[in-house]
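Visitor: Below is the structure I would like to discuss, written out as structure tokens.
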Amino acid sequence: MFLLSKLITLFLLTSGTAGLLSYLIPYNLNIPEKQLKNFFKAGSSIYDSREINEFKSEEKTKLDNTKSLHETWKKYKENAEEFKNLKYDEMKKLFQSIMEKEGVLTKLYEKNIDIIKQLMKAFDELTKISEKNLIKTGEFEVFKNLINILSQINKRVEEWGNILNKFVCIINSANQQSKEKEQQSCESIELNWEKDNYSVFKLEQNDNKSSNSGGAMIIKNPQKNWNQLILRAK
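Going by this note's numbering, the first residue of the sequence shown is number 200, and it counts up by one from there.
Structure follows, in structure tokens:
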């Protein structure tokens, strides 16, 4: 009950205050314009004008400083623009020179590639020539060995020819009277071998014994010609 009475009292006071204010505020605001001007004019003084002048001078000083700073900033901006353009031109020239050098290097690289291809082709040709030379060298060595073998065979044939010549001489002189003299002459006979253009060996008749032997053949010695052929091969 006590709380309820307090709430009712507070409500009544609030309502009364609100009603009084709603009546007084419009009345106080209904003031003529001249009275308002006089109210504000009455509050002015010389100190107020002095402060205003000081404020104006300070603001003017700040404005002048601001203008000088603006001019300085403008110069810096122009210098920055000029420097930027200068740097841009330098970088442009640098990139152009780099592009030109890159083009030159590309052409040089292509030229070097062509040279390398030619060198590889020449190397392949030299390899083939070397292989052919090795084959020819092997064939030449085989030919030299063949010449040496033929030379050894020629020596053996020469020995056999000497023996055969002596044997034929003894047979041819068997019907003659002076056998001992003929045997001595047969022992002193030397063979004379020939080779015609290094192709085939010829057999020639013995001029001294052709009438008695009925055309017996002796083989002549080609050792001198074979030695010349071996020297040429070496």
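Don't be surprised by glycine CBs; every beta carbon is placed ideally from N, CA and C.
#1: Where Lys306 and Lys300 are concerned, what is the direct C-alpha to C-alpha distance, given to the nearest angstrom?
#2: Please classify Ser372: does DSSP put it in a helix, a strand, or coil?
#3: Rounded to whole angstroms, what's the CA-CA distance from Ala279 to Tyr287? Just pull it up for me.
#4: Given this structure, state the Cα-to-Cα distance separating Asn252 from Glu277, to the nearest angstrom.
#5: Give the DSSP-derived three-state secondary structure of Asn420 in the structure shown.
Guide: Taking the coordinates as given:
#1: For the purposes of this step, residue 306 is taken as the residue at position 107 of the sequence shown. For the purposes of this step, residue 300 is taken as the residue at position 101 of the sequence shown. Cα to Cα, the separation comes out at about 10 Å.
#2: Numbered from its first residue, the sequence shown carries residue 372 at position 173. It is coil, neither helix nor strand.
#3: In the sequence shown, the residue the question calls residue 279 occupies position 80. In the sequence shown, the residue the question calls residue 287 occupies position 88. Taking the straight line joining both Cα atoms gives about 12 Å.
#4: As a position in the sequence shown, residue 252 is number 53, starting the count at 1. As a position in the sequence shown, residue 277 is number 78, starting the count at 1. For Asn252 and Glu277, the distance between alpha carbons rounds to 37 Å.
#5: Looking up residue 420 in the sequence shown gives position 221. Summary for Asn420: the model assigns pLDDT 43, below 50, so the residue's position carries little reliability, and this model does not support an answer.
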